[in-house]
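Accompanying notes for the structure given below.
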Amino acid sequence: MTSYDPFPSSAIYPTKDDDGNLLETEYGLCAYKDHQTVSIQEMPEKSPAGQLPRSVDIVLDNDLVDKCKPGDRVQVVGIYRCLPNKQGAFTSGTFRTILLANNVILMNKEVSPQISTDDVHKCKKISKQQNVDVFEMLAKSLAPSIHGHEYIKKVLLCMLLGGVEKVLPNGTRLRGDINILLNGDPSVAKSQLLHDVLHSAPRAITTTGRGSSGVGLTAAVTTDQETRDRR
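Under full-length UniProt numbering, the first residue of the sequence shown is numbered 1, with each subsequent residue one higher.
This is the structure in structure tokens:
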């Protein structure tokens, strides 16, 4: 399936040899490797106007598995290949394109740096100060280039931190996360506030009006072509 040959390769697992004899897999003598298929999507701000961002499947092997997580912005170096589509146990005569990755570079590595021990000590020191309102200070630290909007910044901070999930005695689940809708006049820093939140949240994904349909954002359940799982 991940052959580097220039022609499309088949994904059929052989069960018989040329003479019709049944083949039995010797799992103890097989060579195994980590394998993962991910889907990447072009950045919404660079997608064509009025169209959804295009996506392509990436095949990751060995040390490239789990190199990125949902929401990361990556640069992929690889080989462009095509695979035959299947309908049941037969090929349909059409092909889909994939990318056999050779390297994956995280473009947002500097946006979400690792927290050091010194950072933890500073956070504990700030939390123990009696004359400092930590919530007020954190709200002012969010989008510091934007003056004012303290109340909105506090709400966004509550969304980032989240709350505590509760389960009532009757089984009702109260989630701890909240959703926020910002509306207002143009040029009042709504988009800029959301961009700063995007850089603070490690798994946030952004989209724009150009990447949504006329009735808004939609979601659909699809079937993975390899594992047949729904996602």
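Using N, Cα and C, we set each Cβ at its ideal position, and we do this for glycine too.
Remember, it's a predicted structure, so these values are computed and weren't measured experimentally.
Whole-number beta carbon distance between residue j and residue i, since they are thought to touch under 8 Å
i    : j    : result
L193 : L160 : About 12 Å separates the two Cβ atoms, so there is no contact after all.
V74  : V104 : 5 Å
T97  : Y80  : 6 Å
K16  : L23  : 6 Å
G163 : G176 : 3 Å
V59  : A101 : 6 Å
I146 : A201 : Actually they do not touch by this definition, with Cβ atoms about 17 Å apart.
Neighbour-count burial assignment, residue i, 16 or more Cβ in a 10 Å radius
i    : result
V77  : exposed
C123 : exposed
V132 : exposed
I40  : buried
I126 : exposed
L168 : exposed
H149 : buried
L142 : buried
H139 : Looking at the sequence itself, residue 139 is Ala, so the reference to His does not match. Flag for A139 reads buried.
I152 : buried
E110 : Bear in mind that the predicted position of E110 carries a pLDDT of just 49, short of 50, making it too unreliable to give a figure here.
N-terminal and C-terminal residue of the beta strand (DSSP E) that residue i is part of
i   : result
I40 : 35–41
V59 : 55–61
Option in the options with minimal Cα separation from residue i
i    : options               : result
E42  : K33, D34, D57, L29    : D57
L99  : P70, H149, L83        : L83
H35  : K67, D118, V134, I115 : K67
L154 : F135, N62, G171       : Contrary to the premise, residue 154 reads as Lys rather than Leu in this sequence. Cα-wise, what sits closest to K154 is F135.
C158 : N62, G71, I180        : I180
P144 : V197, M107, G171      : V197
G71  : G20, V38, V167        : V38
I178 : M107, D61, E165, L29  : E165
K69  : N85, M107, K46        : M107
L182 : P14, H195, L52        : H195
Alpha helix (DSSP H) segment containing residue i, residue limits
i    : result
V120 : 117–127
H195 : 190–200
V134 : 134–141
Y151 : 150–161
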